[in-house]
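In what follows, a structure is listed as structure tokens, so that the remarks can point back to it.
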Amino acid sequence: MEVPLKLTVNKEKNKVVFGEAGKDFVDLLTLPLGTIARLVAKEEKDLQPVKVGSLSSLYSSVANLDESEYLTTETCKEMLLQPRNSMEPYIKKMKLNIDNTKPTTYYVCNNIRRCRHHQTKLLCAKTISPLFSADVFDGFVKSGVAFLISDELKVVPISMDAMCDMFKDSGTDDMRPVEQVTVNVTKKQVLELLKISLVSKTTLSYAFLEKKPSIWTFLSPIRLFDIASKGGSCSKKIEVKVVQRKSDSRILFVQGKKDFADMLYSFLTFPLGAVVKLLEGNSCMGSMDALYNSIVGLSEDYFVSKEVKDMLVSPLLAPQFKLSNQIIPLDESHAPTYYFDTALGCHYLSTCRGCEALELDMFDPTDNGGSEKGFAKGPTLYFATDDLIVTPMLSISVISLLNSTNTPICDLVEKMISIGINEALGIFKASLTTTSALTTGLNHLFSKIKEEK
Numbered sequence: 001m002e003v004p005l006k007l008t009v010n011k012e013k014n015k016v017v018f019g020e021a022g023k024d025f026v027d028l029l030t031l032p033l034g035t036i037a038r039l040v041a042k043e044e045k046d047l048q049p050v051k052v053g054s055l056s057s058l059y060s061s062v063a064n065l066d067e068s069e070y071l072t073t074e075t076c077k078e079m080l081l082q083p084r085n086s087m088e089p090y091i092k093k094m095k096l097n098i099d100n101t102k103p104t105t106y107y108v109c110n111n112i113r114r115c116r117h118h119q120t121k122l123l124c125a126k127t128i129s130p131l132f133s134a135d136v137f138d139g140f141v142k143s144g145v146a147f148l149i150s151d152e153l154k155v156v157p158i159s160m161d162a163m164c165d166m167f168k169d170s171g172t173d174d175m176r177p178v179e180q181v182t183v184n185v186t187k188k189q190v191l192e193l194l195k196i197s198l199v200s201k202t203t204l205s206y207a208f209l210e211k212k213p214s215i216w217t218f219l220s221p222i223r224l225f226d227i228a229s230k231g232g233s234c235s236k237k238i239e240v241k242v243v244q245r246k247s248d249s250r251i252l253f254v255q256g257k258k259d260f261a262d263m264l265y266s267f268l269t270f271p272l273g274a275v276v277k278l279l280e281g282n283s284c285m286g287s288m289d290a291l292y293n294s295i296v297g298l299s300e301d302y303f304v305s306k307e308v309k310d311m312l313v314s315p316l317l318a319p320q321f322k323l324s325n326q327i328i329p330l331d332e333s334h335a336p337t338y339y340f341d342t343a344l345g346c347h348y349l350s351t352c353r354g355c356e357a358l359e360l361d362m363f364d365p366t367d368n369g370g371s372e373k374g375f376a377k378g379p380t381l382y383f384a385t386d387d388l389i390v391t392p393m394l395s396i397s398v399i400s401l402l403n404s405t406n407t408p409i410c411d412l413v414e415k416m417i418s419i420g421i422n423e424a425l426g427i428f429k430a431s432l433t434t435t436s437a438l439t440t441g442l443n444h445l446f447s448k449i450k451e452e453k
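The opening position of the sequence shown corresponds to residue 1 in the working numbering, with each subsequent residue numbered one higher.
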């Protein structure tokens, strides 16, 4: 499947001034970060070797984790490696949909009248046919509308004023070196665009022009700010131990309990648009801020409905993906109430109550039937490296880290700290663009840990 994209290029500057496209190219922004990390990892051999900050290593560490020993349920690993998109019904028909996550499938317990649970996977379940199938919608924006897309992915309806502004922004006054070319964009190119957009402010130029400067020259500096007020009345704290190198103040690793591991694992389930909104359009992720802010400013007349725009600029976690002890303030979408109808010998799932329908309870995939809920299993201690490789606390892992970083024991110092909303968002924001997520994200707590006497 290919979608045409018309590019206006300044040949002298070797720079895209703007692109022109319809709805099939514009529909984006709802992918969970774990899905992005998975897509990047899968295609990195064929495309530009770009990592998604520290999220790539976080994703890999979950993939290598023994789910039976260190995760609350086996389903938890699937939830982290293949997180659900709460806007799944809206992206299914997109021509350039790059999300290869398998569609949500529902199962019903074979002892339905006593158990009455359904979930994505259940050991005692057998498939009931036909399965419930969610509605499918045709994307987010209306058909028949043309948009201009700047090099930084700012999206606006096409107009003379918008064209003039983009010519000025690109430093193009003379029209003689300007030419138009049309490229046919494939799903593989959309994935490359997505990867580039996370670190570059000249996404279209980098993706489609022959001269491609080093992508790392486009990295934006991390600008942490006071975000404690975002927590509202939330006073939850996570106690952890920081192990830092005295010689350069770098955090080698942070040790914590299950709640610390859950906090880091949950990063993979966050929708990209929700992340940018949470950081008030200051995510420092390449072109993402410009893309998000332009969607926010786009009139709701261009969207399928006002509700769809609201969902696009404020994406929610998929149902059942919000942790009960979640520090970062993201809400989840609510699954509709499902019914199992046995009328006239039929067995099917529906959102409408029939005359002989049983109301179903949603089974919690992070509940192992005991006192624990969440992704990680306690009372295991976990430790996270600076680039967010999260593993159980084992002596061999610590020794290997000290050897790989050439750090002697005498150069280490420990300190207990509390992670609240400010610290959690600091780590999360840093994880998007740097492989030193802990050192950068917790820098506001201390510039250097002094040796304790």
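Just so it is clear, CB atoms sit at the ideal spot from N, CA and C, and this is done for glycine as well. Computed from a predicted structure; not experimentally measured.
Beta bridge counterpart(s) of residue i as assigned by DSSP
i: S7; result: The question names Ser, but residue 7 is Leu in the sequence shown. According to DSSP, which records beta bridges pairwise, L7 is partnered with G19 and V181.
i: S150; result: F18
i: Y382; result: G256 and P392
i: S418; result: E239
i: V156; result: L148
i: S71; result: In the sequence as displayed, the identity of residue 71 is Leu instead of Ser. BP columns for L71 point to A376.
i: Y90; result: Bridge partners of Y90: none, in fact.
i: P32; result: P271
i: E12; result: Paired residue(s): none; E12 is not in a bridge.
i: I251; result: Q244
i: L317; result: E332
Integer-rounded CB distance, given that residue j should sit under 8 Å from residue i
i: T380; j: P392; result: 5 Å
i: V141; j: F303; result: 5 Å
i: K93; j: D161; result: Contact flag wrong, Cβ pair sits at about 32 Å.
i: P4; j: P83; result: Between P83 and P4 the Cβ distance is about 31 Å, and since that is not below 8 Å, they are no contact.
i: K377; j: T72; result: 5 Å
i: A146; j: G22; result: 6 Å
i: S283; j: V275; result: 6 Å
i: L442; j: E423; result: 6 Å
i: G420; j: K195; result: At roughly 32 Å, the Cβ-Cβ gap does not stay under 8 Å, so G420 and K195 are not in contact.
For residue j and residue i, the rounded distance between their alpha carbons
i: K448; j: T75; result: Since pLDDT at K448 reaches only 46, below the 50 mark, its modelled position is unreliable, and no value is offered.
i: L148; j: P157; result: 6 Å
i: N184; j: A261; result: 43 Å
i: A290; j: F428; result: 20 Å
i: A37; j: E372; result: 27 Å
i: T202; j: N14; result: 11 Å
i: K277; j: N293; result: 9 Å
i: Y382; j: S395; result: 11 Å
i: S269; j: P177; result: Looking at the sequence itself, residue 269 is Thr, so the reference to Ser does not match. Cα to Cα, the separation comes out at about 45 Å.
i: I91; j: L193; result: 18 Å
i: N100; j: E12; result: 39 Å
i: G374; j: Y70; result: 11 Å
i: L252; j: N406; result: 11 Å
i: I238; j: N368; result: 23 Å
i: A357; j: G297; result: 44 Å
i: A207; j: T182; result: 14 Å
i: V308; j: C352; result: 23 Å
i: T105; j: D301; result: 33 Å
i: D169; j: K415; result: 48 Å
i: S200; j: S305; result: 31 Å
Same chain, Cβ closer than 6 Å to residue i, neighbours up to 5 away in sequence not counted
i: V254; result: V240, V242, A384 and L438
i: K154; result: A290 and S294
i: G19; result: L5, L7, I149 and L204
i: P271; result: T30, P32 and P315
i: D151; result: V16, T202, L204 and S205
i: K77; result: E67 and L71
i: M163; result: none
Neighbourhood of residue i by C-beta, 8 Å cutoff - its chain only, sequence neighbours within 5 removed
i: R250; result: Q244, D386, S436 and T439
i: L312; result: L29, T30, M87, F140, G273, I295 and F303
i: P319; result: R84, S86, E332, S333, H334, A335 and M362
i: D173; result: F167
i: L317; result: S86, T269, F270, P271, A274, L330, D331, E332 and S333
i: L209; result: V9, N14, K15 and V16
Sub-7 Å separation of residue i and residue j beta-carbons
i: L204; j: V16; result: yes
i: S57; j: L425; result: no
i: S299; j: D411; result: no
i: L432; j: M285; result: yes
i: V62; j: L80; result: yes
i: V398; j: E179; result: no
i: I98; j: K187; result: yes
i: L323; j: S266; result: yes
i: T434; j: G53; result: yes
heavy atom of the ligand MG below 6 Å from residue i C-beta
i: V240; result: Absence of the ligand MG is noted for the structure shown, with no ligands found whatsoever.
Neighbourhood of residue i by C-beta, 7 Å cutoff - its chain only, sequence neighbours within 5 removed
i: I417; result: V240, V242 and L445
i: L264; result: L58, A384, L388 and V390
i: D66; result: none
i: D259; result: I238 and N325
Test: residue i CB closer than 7 Å to a CB of chain C
i: R38; result: Protein chain content of the structure displayed is limited to a single chain, and chain C is not contained in it.
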